[in-house]
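Residue numbers (my numbering): 215 to 659.
Take a look at the structure below.
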């Protein structure tokens with residue numbers, strides 16, 4: 215409701231060409247609210263609104279815009295305006311924007327930037343997506359170990375406007391190798407004559423520039439950090455990943471896992487921005503593949519056709535049994551996928567987890583079997599009840615074990631285990647359930 219009211223206000227002022235009132239409204243608005251309010255506006259109108267603001271305000275707002283909108287707006291800006299925007303943006307944000315520009319825009323932009331800025335953009339933009347390097351920023355504060363606290367504070371005061379954060383500071387040597395770290399609070403509270411090496415922490419938690427970005431939220435959460443230093447293969451610091459960027463990465467990974475758990479290829483944009491054609495393309499692959507998986511269930515039904523024809527009451531319980539097995543498998547898979555994603559379990563824990571889950575699966579199967587036995591008595595008599603109870607026990611047990619093991623198997627094959635927690639595990643367990651159920655029926659009848 216608040217967003218709609220802001221959108222209506224901006225639209226009304228635009229129609230009346232009240233630039234002064236617009237400027238006051240935008241100045242008093244939080245950048246995130248402003249970006250949300252103008253999300254549906256054309257790139258030309260967004261640019262018109264941006265130009266009402268000061269350059270620093272433009273930079274702050276720009277990072278809240280949708281990436282596609284950023285690219286569209288940038289394509290309408292003059293080289294001087296775009297270069298000025300890049301020069302004042304935070305390092306990681308401008309590298310992300312640079313990657314969205316086409317080759318012509320990049321060639322037009324670069325001559326308008328200082329050499330240091332060009333080098334920094336090329337360096338940050340060169341790292342592959344989903345890596346720590348692509349997530350990091352070069353706007354971090356450094357000190358030397360032999361500096362005094364008073365000298366360090368003077369240096370930080372001068373450099374602070376150009377840094378992403380100065381709350382965590384990193385101590386380096388002449389080769390930029392990381393020696394230690396300290397917080398701004400520790401620096402302020404220390405004696406002015408103390409040396410940095412006397413108050414710094416030498417044991418520093420760090421990551422490699424080529425690491426997967428998934429590990430960053432885990433490290434920040436585990437060690438309660440506001441930033442993590444990023445090192446290259448020579449142990450030299452090349453950037454940091456801040457807490458807010460780590461949370462963005464965590465949200466991105468969680469969204470991707472949620473989509474994959476439903477057997478949907480990861481979307482490149484929010485669903486509200488994705489075209490019907492792209493949604494079709496992202497979904498059709500798995501749906502077609504799962505058809506062939508479902509054929510196993512059909513083949514099983516065809517194989518036991520005589521048993522089914524002779525005991526038609528068995529058909530009544532088939533959806534119940536198959537659904538229970540799929541549900542048990544999905545539960546186990548979802549728990550395992552999340553545990554793998556958060557680092558709670560590793561490959562070495564597999565046998566221990568298998569033993570634990572086997573005990574749980576036996577208890578679940580026994581409970582479900584006893585429950586369905588009484589339904590079988592009412593619907594089909596003692597023989598059918600016994601078959602349904604035994605089948606339910608084994609279907610739930612097998613489904614749980616499949617749900618536990620499949621994420622591990624996919625991880626070993628370097629595939630995303632999130633794929634296992636949805637339709638994939640259900641399809642496999644459904645086929646297994648049909649074979650188990652009618653196999654028992656054929657054997658006992």
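We put the beta carbon where it would ideally sit given N, CA and C, even for glycine.
**Prompt:** When the Cα atoms are used, what is the spatial distance from residue 414 to residue 351?
**Reply:** Numbered from its first residue, the chain shown carries residue 414 at position 200. Numbered from its first residue, the chain shown carries residue 351 at position 137. About 22 Å.
**Rounded straight-line distance, which links the Cα of residue 607 to that of residue 248** = For this step, residue 248 is matched to residue 34 along the chain shown. For this step, residue 607 is matched to residue 393 along the chain shown. The alpha-carbon atoms of residue 248 and residue 607 are separated by roughly 56 Å.
**Message:** By alpha-carbon positions, which one of 537, 551, 655 and 298 ends up nearest to residue 617?
**Reply:** Looking up residue 617 in the chain shown gives position 403. Checking every option, the nearest Cα to that of residue 617 belongs to 551.
**Asked** Counting along the chain, where does the beta strand (DSSP E) carrying residue 453 start and finish?
**Response** Taking the first residue of the chain shown as 1, we reach residue 453 at position 239. Following the DSSP letters along the chain, one finds residue 453 inside the beta strand (DSSP E) bounded by residues 451 to 456.
**Prompt:** Which residue comes first and which comes last in the alpha helix (DSSP H) that contains residue 445?
**Reply:** Taking the first residue of the chain shown as 1, we reach residue 445 at position 231. Taken as a continuous stretch (DSSP letters only), residue 445 belongs to no alpha helix (DSSP H), being part of the beta strand (DSSP E) at 441 to 445.
**Request:** Kindly indicate which three-state DSSP category residue 543 falls into: helix, strand or coil?
**Result:** What you label residue 543 is simply residue 329 of the chain shown in a count that begins at 1. Of the three classes helix, strand and coil, the one that applies to residue 543 here is helix, per DSSP.
**C-beta atoms of residue 534 and residue 612 nearer than 8 Å** = If you number the chain shown from 1, residue 534 lands on position 320. If you number the chain shown from 1, residue 612 lands on position 398. Residue 534 is not a Cβ neighbour of residue 612, given a cutoff of 8 Å.
**Item:** Rounded straight-line distance, which links the Cα of residue 427 to that of residue 344
**Value:** Position 130 of the chain shown holds residue 344. Position 213 of the chain shown holds residue 427. In a straight line, the C-alpha of residue 344 is about 5 Å away from that of residue 427.
**Prompt:** Which of the three DSSP states, helix, strand or coil, is assigned to residue 426?
**Reply:** Here residue 426 refers to the residue found at position 212 when the chain shown is read from its first residue. Reduced to three states, the DSSP call for residue 426 is strand.
**Request:** Under 7 Å Cβ to Cβ from residue 297, same chain only, skipping five residues before and after it: list those, please.
**Result:** As a working mapping, residue 297 is identified with position 83 in the chain shown. Within the same chain, Cβ atoms closer than 7 Å to the Cβ of residue 297 are found at 323, 326 and 327, the five residues on either side in sequence being excluded.
**C-alpha gap between residue 654 and residue 574, whole angstroms** = Looking up residue 654 in the chain shown gives position 440. Looking up residue 574 in the chain shown gives position 360. Here the alpha carbon of residue 654 sits roughly 23 Å from the alpha carbon of residue 574.
**Prompt:** How far does the alpha helix (DSSP H) with residue 380 in it reach, from first residue to last?
**Reply:** Here residue 380 refers to the residue found at position 166 when the chain shown is read from its first residue. First-last for residue 380: 379 to 386, but that is the beta strand (DSSP E), not the alpha helix (DSSP H).
**Message:** Taking the alpha helix (DSSP H) that residue 581 belongs to, which residues open and close that run?
**Reply:** Here residue 581 refers to the residue found at position 367 of the chain shown. 564 to 594 is the extent of the alpha helix (DSSP H) around residue 581.
**Request:** Return the residue from the list 230, 495 and 243 that minimises the CA-CA distance to residue 219.
**Result:** To locate residue 219, count along the chain shown from 1; it is residue 5. That would be 243, whose Cα lies nearest to the Cα of residue 219.
**Segment limits, beta strand (DSSP E) that includes residue 347** = By one-based count along the chain shown, residue 347 stands at place 133. Counting along the chain, residue 347 sits inside no beta strand (DSSP E); it lies in the alpha helix (DSSP H) bounded by residues 346 to 349.
**For residue 354, the first and last residue of its enclosing beta strand (DSSP E)** = Here residue 354 corresponds to residue number 140 of the chain shown, with the count starting at 1. Start and end: 354 to 358.
**Asked** Could you give the uninterrupted runs of the alpha helix (DSSP H) lying entirely in the stretch 282 to 370, keeping only those of 4 residues or more?
**Response** Counting only runs of 4 or more, we get 293 to 302, 305 to 314, 317 to 323, 329 to 339 and 346 to 349.
**Request:** Whole angstroms is fine: what's the gap from residue 559's alpha carbon to residue 627's?
**Result:** As a position in the chain shown, residue 559 is number 345, starting the count at 1. As a position in the chain shown, residue 627 is number 413, starting the count at 1. Cα-Cα distance, rounded: 17 Å.
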